[in-house]
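Engineer: Following the working numbering, the numbering of the sequence shown begins with 7 at its first residue and continues without gaps. Note that the Cβ used here is the ideal one computed from N, Cα and C, for glycine as well. None of the values given here were measured: they were computed from a predicted structure.
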Amino acid sequence: MLLGAAKYLAENRNFTVRCILFFQPAEEGRAGARQMIDDGLFEQFPADCVFGMHNFTDIQSGHLPLNQAQ
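See below:
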């Protein structure tokens, strides 16, 4: 999904903001984002907002569980 989004954004470029796409390691264990933050992700790539996505088979179609990084 991320590579598809990257391809679309690269081909269309109909936006005026900087867009950074990154893969999260160890996301199944729910620790990858914390490690990336602790390793200085946002010092190297400052961001005003972050969006994440994951496939959850136990979430009803059309719903989005929202979490905030602690």
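For M59, count neighbouring C-beta atoms within 10 Å of its own C-beta (all shown protein chains included) and say buried if the count is 16 or more, exposed if not.
Structural biologist: exposed
Engineer: If K50 and M42 are in contact, beta carbons under 8 Å, what's the gap, nearest whole angstrom?
Structural biologist: A small fix is needed here, since residue 50 is Gln in this sequence, not Lys. Incorrect: roughly 10 Å between the Cβ atoms, too far for contact.
Engineer: Who are the Cβ neighbours of F57 in its own chain at under 8 Å, not counting the five residues just before and after it?
Structural biologist: There are no such residues.
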